[in-house]
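Colleague: In the working numbering, the protein residues as written are -9 to 415.
The beta carbon of each residue, even a glycine, is placed where N, CA and C say it ideally should be.
I'd like to ask you about the structure that follows.
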Amino acid sequence: MQNLGKGEASVVIGGQWGDEGKGRIVDILAKDCDIVARFQGGNNAGHSLHFDNKSLVLHLIPCGIIHEEKVAVIGNGVVIDPLVLFKEIAILKELSIEVSPKNLKISRDAQIILPLHKSLDALREKNTNQPIGTTLRGIGPCYEDKVARFGVRASDLLSKHLLLKKIENIKNNRQVDLSYHVDFVDDYLAYGQKIKPFLCDVGDYLENNLFLGKRVLFEGAQGTLLDVDHGTYPYVTSSNCVASQAATGSGIGCHWIKNVYLVSKAYCTRVGEGPFFSEANDEMDQEIRKKGQEFGATTGRPRRCGWLDLVALKYAKRVNGAKALILTKVDILQGLGPIKVVTSYKSKDQDNISFSEALYLYNLGEKVDVEYKEFDPIDDFPTNVGHVDEFPSSLKNLLSFVEESLKIPVSMVSYGPKRGQELYL
Ligand code: IMP
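Now the structure itself:
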């Protein structure tokens, strides 16, 4: 695993549909960084952390906040629900982690999720003939208002005049009755006063620190296959979740980004609707869910489970320009019987179709079949691993196969939720 040099930035990106265990990886990599920044998404994310016998799920504040002397940054590409922001600050305080403007910087230009965005999210899911299975956190409608150019930015919470003007625009431009949303303005102006000390020009802050030789880690949320452009559209989230968004969503140039780490589970999960070509659809689905505790960290919904999909992962590698893969939850493969990995897709007319071709056919209603390679079952998994040679031989074969297929190294493997249950390769 390449160490981050002074004045360099790295990005940790989900290679699947989110929930790859990025929080845990950011927690490990944050030790060697000075600043951890989020650049897209909102509290639709859920990054689980286990440290000092404590467990914590952060939905909005970057995981780096739990490390002393690290600064957490929320970039302009993020959508912020102020209720969630201040609830997380309170939860962190209960865990004796102080959050102040010294260790949390928020972009003035980040968009604010309003109560009416949550109503719109729910209405949309109810009234559509194509439900996405969103997290109902108001994420999509908030990004819609951003693009429509009347979204509320964090700095707008400091001006009653601006806030009222924007809310009026939002209400007038939606085709549904939102007049019942009347009482929240004063609450949001109060949030404005609370958020004010944290606000700054995040791009400026990051660049100045990079020039000073500080190391920045960008914490992706969701995953490549949920990206609004490159994911399984329309079954996606409403932001760009890929590595290049780290620059756009924080206000620095791309040249600062030296490493992109793609994170993938050793199998695959997704929540919500949409294509999932390697879905197990048999008793393995339940088996993986039970062993891997595959229930949403944000909504508690059971995740759909399936096998590692190398066609999708190769696509994710290309879209992100990933230089290394981090494989998580390899221990869950133990006791599942023969382990399968998807190696190719085919349609009724053609073998070896690409990921994007498969999506196109799926959206036309055509069937996409997958082909697997099988690996021997893993029966015994060591609790502590000091060297890759101690891994079961079947897992070693799988790791080599993944590296050969993706043509990038597997640079880290995690085999349990606790700090220390990971191996650098
Ligand atoms: P939204 O982001 O709430 O609009 O939901 C859009 C889709 O993205 C739904 O299928 C969600 O389940 C999915 N999604 C959003 N955030 C996450 C995440 O952090 N992990 C996994 N799936 C997510």
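#1: Quick one, are the C-beta atoms of TYR257 and ILE157 less than 8 Å apart?
#2: Counting along the chain, where does the alpha helix (DSSP H) carrying TYR251 start and finish?
#3: Tell me whether the segment 223 to 230 and the segment 279 to 295 touch, counting them as touching only if at least three CB pairs, one residue from each stretch, are closer than 8 Å.
#4: On the premise that ALA211 lies in contact with ILE185, defined as a C-beta separation below 8 Å, what is that separation, rounded to the nearest angstrom?
#5: Give me the Cα-Cα distance between TRP7 and ASP173, rounded to the nearest whole angstrom.
#6: Straight-line CA distance for TYR251 to HIS171?
#7: What do you get for GLN30, buried or exposed, if any count of 16 or more other CB atoms within 10 angstroms of its CB means buried?
#8: Pull up the distance between the alpha-carbon of GLY141 and that of ASN159, whole angstroms please.
#9: When you compare each of LYS(-4), CYS53, SER45 and ASN43 to ALA20 by their alpha carbons, which one comes out closest?
#10: Bridge partners for LEU315 per DSSP, in chain order?
#11: For GLU134, does the three-state DSSP call read helix, strand or coil?
#12: At the level of alpha carbons, what is the spacing between MET402 and GLY264?
#13: What separation, rounded to the nearest whole angstrom, lies between the Cα atoms of GLY406 and PRO399?
#14: For CYS190, which residues does DSSP report across the bridge?
#15: Quick check: is any heavy atom of the ligand IMP less than 7 Å from the C-beta of TYR352?
#16: With a threshold of 16 other CB atoms inside 10 Å of the CB of LEU308, please say whether the residue is buried or exposed.
#17: Should VAL74 be counted as a contact of the ligand IMP given a C-beta to heavy atom distance under 7 Å?
#18: Do PHE267 and VAL358 have their C-beta atoms within less than 8 Å of each other?
#19: Would you say SER228 touches the ligand IMP, meaning its beta carbon is less than 7 Å from a heavy atom?
#20: Find out if the Cβ-Cβ distance for the pair ILE3, VAL253 is shorter than 8 Å.
#21: Give the DSSP bridge partners of THR259, in chain order.
#22: Heavy atom of the ligand IMP less than 7 Å from the Cβ of THR366, yes or no?
#23: Evaluate VAL166 with the Cβ neighbour count: other Cβ atoms within 10 Å of its Cβ, from every protein chain shown; 16 or more gives buried, anything less gives exposed.
#24: If you draw a straight line from the C-alpha of ALA270 to the C-alpha of PRO72, how long is it?
#25: Which residue wins for smallest C-alpha separation from ALA112, given the options VAL47, ILE129, THR318 and VAL137?
#26: Applying the criterion that 16 or more other CB atoms from any shown protein chain within 10 Å of the CB defines a buried residue, is VAL320 buried or exposed?
#27: Could you check where the alpha helix (DSSP H) with LEU148 kicks off and where it finishes?
#28: Less than 8 Å between C-beta atoms, sequence neighbours within five positions excluded: which residues of the same chain meet that for SER240?
#29: Beta-carbon separation of GLN101 and VAL69 under 8 Å?
#30: Across which residues does DSSP place GLN324 in a beta bridge pair?
#31: Could you pull the start and end residues of the alpha helix (DSSP H) that VAL309 belongs to?
#32: What are the start and end residues of each continuous alpha helix (DSSP H) run of 4 or more residues lying completely inside the segment -9 to 23, in chain order?
#33: Roughly how many angstroms separate the alpha carbons of LYS95 and VAL89, rounded to a whole number?
#34: Give the straight-line distance between the Cα atoms of LYS304 and ASN310, rounded to the nearest whole angstrom.
#35: From what residue to what residue does the alpha helix (DSSP H) around ALA181 run?
#36: Ends of the alpha helix (DSSP H) at THR333?
Modeller: Here's the rundown:
#1: Counting from one through the sequence shown, the residue named residue 257 turns up at place 267. Counting from one through the sequence shown, the residue named residue 157 turns up at place 167. Cβ distance not < 8 Å, so TYR257 and ILE157 don't count as in contact.
#2: For this step, residue 251 is matched to residue 261 along the sequence shown. Residue range 247 to 255 is occupied by the beta strand (DSSP E) that includes TYR251, with no alpha helix (DSSP H) assigned at that position.
#3: no
#4: Translated into the one-based positions of the sequence shown, residue 185 becomes position 195. Translated into the one-based positions of the sequence shown, residue 211 becomes position 221. Contact flag wrong, Cβ pair sits at about 20 Å.
#5: Looking up residue 7 in the sequence shown gives position 17. Looking up residue 173 in the sequence shown gives position 183. Each residue's Cα considered, the two are about 36 Å apart.
#6: Taking the sequence shown and counting its residues from 1, the one referred to as residue 251 is at position 261. Taking the sequence shown and counting its residues from 1, the one referred to as residue 171 is at position 181. Approximately 42 Å between the Cα atoms of the pair.
#7: In the sequence shown, the residue the question calls residue 30 occupies position 40. Classification of GLN30: buried, given that the 10 Å Cβ count is 16 or more.
#8: Locating residue 141 in the sequence shown gives position 151, counting from the first residue. Locating residue 159 in the sequence shown gives position 169, counting from the first residue. Approximately 9 Å, taken between the alpha carbons.
#9: Here the question's residue 20 lines up with position 30 in the sequence shown. Taking only the C-alpha atoms, the option nearest ALA20 is CYS53.
#10: Stepping through the sequence shown from its first residue, residue 315 is reached at position 325. The partner list for LEU315 (beta bridge, DSSP) reads LEU252 and VAL400.
#11: For this step, residue 134 is matched to residue 144 along the sequence shown. Reduced to three states, the DSSP call for GLU134 is helix.
#12: Your numbering for residue 402 matches position 412 in the sequence shown. Your numbering for residue 264 matches position 274 in the sequence shown. Distance between MET402 and GLY264, taken at the CA atoms: about 30 Å.
#13: Taking the first residue of the sequence shown as position 1, residue 406 is located at position 416. Taking the first residue of the sequence shown as position 1, residue 399 is located at position 409. For the pair GLY406 and PRO399, the Cα-to-Cα distance works out to about 21 Å.
#14: Within the sequence shown, residue 190 is the residue found at index 200, counting from 1. DSSP output for CYS190 lists SER97 as bridge partner(s).
#15: The sequence position of residue 352 within the sequence shown is 362, counting from 1. Not under cutoff, so the answer is no.
#16: The sequence position of residue 308 within the sequence shown is 318, counting from 1. Before going on, a small fix: residue 308 reads as Arg here, not Leu. Flag for ARG308 reads exposed.
#17: Here residue 74 corresponds to residue number 84 of the sequence shown, with the count starting at 1. Incorrect: VAL74 has no Cβ contact closer than 7 Å to the ligand IMP.
#18: Here residue 267 corresponds to residue number 277 of the sequence shown, with the count starting at 1. Here residue 358 corresponds to residue number 368 of the sequence shown, with the count starting at 1. Yes, these two residues count as a Cβ contact at 8 Å.
#19: Numbered from its first residue, the sequence shown carries residue 228 at position 238. Under cutoff, so the answer is yes.
#20: The residue you call residue 3 lines up with position 13 of the sequence shown. The residue you call residue 253 lines up with position 263 of the sequence shown. Yes, the Cβ-Cβ distance between ILE3 and VAL253 is below 8 Å.
#21: Looking up residue 259 in the sequence shown gives position 269. THR259 is bridged to CYS295.
#22: Locating residue 366 in the sequence shown gives position 376, counting from the first residue. Contrary to the premise, residue 366 reads as Asp rather than Thr in this sequence. Checking the 7 Å criterion, the Cβ of ASP366 is out of range of every heavy atom belonging to the ligand IMP.
#23: Within the sequence shown, the letter at position 176 stands for residue 166. The residue in question, VAL166, is exposed, as its Cβ has fewer than 16 Cβ neighbours within 10 Å.
#24: Start at 1 with the first residue of the sequence shown, and residue 270 comes out as number 280. Start at 1 with the first residue of the sequence shown, and residue 72 comes out as number 82. Roughly 39 Å separates the two Cα atoms.
#25: As a position in the sequence shown, residue 112 is number 122, starting the count at 1. Looking at the Cα atoms, ILE129 is the closest of the given residues.
#26: Taking the sequence shown and counting its residues from 1, the one referred to as residue 320 is at position 330. The C-beta of VAL320 has 16 or more other C-beta atoms within 10 Å across all chains shown, which makes the residue buried.
#27: Position 158 of the sequence shown, counting from 1, holds the residue named residue 148. Per DSSP, LEU148 belongs to no alpha helix (DSSP H) and is neither H nor E.
#28: Here residue 240 refers to the residue found at position 250 when the sequence shown is read from its first residue. ALA27, PHE29, VAL63, GLY65, ASN66, GLY67, SER97, VAL192, GLY193, LEU196 and PHE208.
#29: Reading the sequence shown from its first residue, position 111 is the one you call residue 101. Reading the sequence shown from its first residue, position 79 is the one you call residue 69. In contact: GLN101 and VAL69 (Cβ atoms closer than 8 Å).
#30: The count along the sequence shown starts at 1 and reaches residue 324 at position 334. Its beta-bridge partners are ILE368.
#31: Counting from one through the sequence shown, the residue named residue 309 turns up at place 319. VAL309 -> alpha helix (DSSP H) spans 300 to 310.
#32: 12 to 20
#33: By one-based count along the sequence shown, residue 95 stands at place 105. By one-based count along the sequence shown, residue 89 stands at place 99. About 10 Å.
#34: Counting from one through the sequence shown, the residue named residue 304 turns up at place 314. Counting from one through the sequence shown, the residue named residue 310 turns up at place 320. Approximately 10 Å, taken between the alpha carbons.
#35: For the purposes of this step, residue 181 is taken as the residue at position 191 of the sequence shown. The question names Ala, but residue 181 in the sequence shown is Tyr. Per DSSP, TYR181 belongs to the alpha helix (DSSP H) from 175 to 185.
#36: Here residue 333 corresponds to residue number 343 of the sequence shown, with the count starting at 1. Segment 329 to 336 is the beta strand (DSSP E) holding THR333; no alpha helix (DSSP H) there.
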